[in-house]
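First comes the structure, then the notes that go with it.
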Amino acid sequence: MEADSYTLQALKRHRAQQDKDREKWGSAWVETGRVFTRENGELLYPANVTRRFIELYEEIGFGRSGSTTAVTVPRLWLTRQAPA
């Protein structure tokens, strides 16, 4: 998988924060092997991510299009594991 330098730096910052969260949660940390998780390592639920994405999307003024949103959150974002 290729990524630009901005994305790679963002992922490195995210990994560093996740390492801090893992340390903070100690034995309560849930190891899923996922890149994007809740603060305690638990899986993110796609419906919750989509709901929050829609809230942010509407907050900045894009609104909805008909009965569905004009955007979707790819499941791929939630299931990719970080390269070793």
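Anchor point for the sequence shown: position 83 equals 697 in our numbering, and the numbering is continuous, going up by one each time.
Each residue gets a CB set at the ideal place from its N, CA and C atoms; glycine is no exception.
Model, not experiment: these values are computed from the prediction.
Check whether residue i and residue j have beta carbons under 7 Å apart
i: N654; j: V663; result: no
DSSP three-state assignment for residue i, whether helix, strand or coil
i: A617; result: coil
i: A698; result: Bear in mind that the predicted position of A698 carries a pLDDT of just 45, short of 50, making it unreliable; the figure below should be weighed with that in mind. The answer is coil: DSSP assigns A698 none of H, G, I, E or B.
Same chain, Cβ closer than 7 Å to residue i, five either side skipped, listed in chain order
i: L658; result: F650, T651, R652 and L692
i: H628; result: none
Buried or exposed (CB count within 10 angstroms, at least 16 for buried), residue i
i: I668; result: buried
Cut-off 8 Å between Cβ atoms - residues of its own chain near residue i, not counting five sequence neighbours on either side
i: T646; result: G655, E656 and L657
i: A761; result: Within the shown structure, residues of the chain are numbered from 615 to 698, placing residue 761 beyond reach of any answer.
Cutoff 6 Å; reference residue i; Cβ partners in own chain excluding five residues on either side
i: E637; result: none
Proximity test, residue i beta-carbon vs the ligand ADP heavy atom, cut-off 6 Å
i: D618; result: Among the components modelled here there is no ligand, and therefore nothing to report on the ligand ADP.
- Message: So within the stretch 639-675, which uninterrupted alpha helix (DSSP H) runs reach at least 4 residues, ignoring any that extend past its ends?
- Response: Counting only runs of 4 or more, we get 660-673.
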